[in-house]
Amino acid sequence: MASQDIAVKASTDALFSGSSRSSRRNMGQFIRWALLFGGGILMIMPIVFMISTSLKFPFEVYNLNLIPEEPTIENYTYVLEDGRFYRWFVNSLVISIITTASAVFFDALVGYALCKFKFPGRYLVFIAILSTLMIPTEMLVIPWYLMSKSFGWLDTYWGIMFPGVMTAFGTFLMKQFFETVPDDFLEAARIDGLNEFQIWWQVAMPLVRPALAALAIFVFLGNWTAFIWPLIVTNSVEMYTLPVGLSSFGDEVDVAWELIMTGAAISTLPTLVVFLIFQRFIIRGVVMAGLKG
Numbered sequence: 001m002a003s004q005d006i007a008v009k010a011s012t013d014a015l016f017s018g019s020s021r022s023s024r025r026n027m028g029q030f031i032r033w034a035l036l037f038g039g040g041i042l043m044i045m046p047i048v049f050m051i052s053t054s055l056k057f058p059f060e061v062y063n064l065n066l067i068p069e070e071p072t073i074e075n076y077t078y079v080l081e082d083g084r085f086y087r088w089f090v091n092s093l094v095i096s097i098i099t100t101a102s103a104v105f106f107d108a109l110v111g112y113a114l115c116k117f118k119f120p121g122r123y124l125v126f127i128a129i130l131s132t133l134m135i136p137t138e139m140l141v142i143p144w145y146l147m148s149k150s151f152g153w154l155d156t157y158w159g160i161m162f163p164g165v166m167t168a169f170g171t172f173l174m175k176q177f178f179e180t181v182p183d184d185f186l187e188a189a190r191i192d193g194l195n196e197f198q199i200w201w202q203v204a205m206p207l208v209r210p211a212l213a214a215l216a217i218f219v220f221l222g223n224w225t226a227f228i229w230p231l232i233v234t235n236s237v238e239m240y241t242l243p244v245g246l247s248s249f250g251d252e253v254d255v256a257w258e259l260i261m262t263g264a265a266i267s268t269l270p271t272l273v274v275f276l277i278f279q280r281f282i283i284r285g286v287v288m289a290g291l292k293g
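Residue numbers (full-length UniProt numbering): 1 to 293.
Here is the structure:
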């Protein structure tokens, strides 16, 4: 009987111990989900306020209610009927797409060369490229402006785009991803008769697609939301990008926040489209990185 009592007590203790561990695990998981949910709410609240303000009349703008008392789409009608808004939207779209394509192409090309080609001074070149990341953009504005003026690039698409056609961050990112590409694949391609450009384009580039997607998102968002340089290099209203145009539009209508928020709400659509297109590549890259680890 004593041995049976001991066995029952041991099984009971194990049961309670397992239940305690399970409850602690559930509590920890609940806390993690609560923190993530709270962080998500904090991140999305500015967007909610932006959309809410865009649906309000001017007299209701400073009312912080999330749901407008008298919702209206007149602000969207007013903004969309303004021809300047279309011009600014097209300017931002053209500049962002061309700059993104250029940065992805050249950053990947330079990153591949620095990673897979052995030549004297390649580490010095890589360090020189990385060192540009430590220079604030504000210090580069004056040289950029003087160069644009000397070459006649002021108030042109190229004048807005040229600082971003290649990026140091993108070069670093692509070099690190190309490190994961096995050299055996490249050697096999050379044996098959492919030249170096074909090897880079047909063999190496498909293997780093997640990095290309992430870089494309970063560059597109950076150019879509750029404000300081487009403001400095453009003179005419027709060449304004969307952020610059919206700021001047706000001054013109005496800071009509409902119109500014309406334009900002519309301007978020391309960024959402870009993210939805490329997010699956980023998720796949994270999963692949986990499997390699």
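Cβ coordinates follow ideal geometry from the N, Cα and C atoms, glycine included.
Mind checking if residue 263 is an interface residue toward chain D, Cβ cutoff 8 Å exclusive? Absence of chain D from the displayed structure is noted, only one protein chain being present.
For the alpha helix (DSSP H) holding residue 99, just list the boundary residues, first then last. In the DSSP annotation of this structure, the continuous segment of the alpha helix (DSSP H) that includes residue 99 starts and ends at 83-116.
Count the other CB atoms within 10 Å of the CB of residue 33; is the residue buried (16 or more) or exposed (fewer)? Exposed: under 16 other Cβ atoms inside 10 Å.
Are the CB atoms of residue 165 and residue 102 within a distance shorter than 8 Å? Against a cut-off of 8 Å, the Cβ pair of residue 165 and residue 102 comes out as a contact.
Does the separation of the CB atoms of residue 185 and residue 116 fall below 8 Å? No. Outside cutoff.
If distances are taken between C-alpha atoms only, which option among 41, 76, 170, 44 comes closest to residue 55? The shortest CA-to-CA distance from residue 55 to any of 41, 76, 170, 44 is the one to 76.
Ordered along the chain, which non-local residues of its own chain (more than five positions away) have a Cβ less than 7 Å from that of residue 238? Contacts found: 87.
When DSSP labels each residue in this structure, what does residue 340 get in the three-state scheme? An answer regarding residue 340 cannot be provided, because it is not within the stretch 1 to 293 covered by the chain.
Would you mind stating whether residue 170 and residue 109 have Cβ atoms separated by less than 8 Å? No. Outside cutoff.
Report yes if the CB atom of residue 241 is closer than 8 Å to the CB atom of residue 160, and no otherwise. Judged by beta-carbon spacing, residue 160 lies within the 8 Å limit of residue 241, meaning their Cβ atoms are closer than that value.
Ignore the nearest five residues each way along the sequence and tell me which others in residue 132's own chain have a CB closer than 7 Å to its CB. Once the five neighbours on either side are set aside, the close Cβ partners of residue 132 are 168.
Taking Cβ to Cβ, would you say residue 181 is nearer than 8 Å to residue 219? Between residue 181 and residue 219, the gap from beta carbon to beta carbon reaches 8 Å or more.
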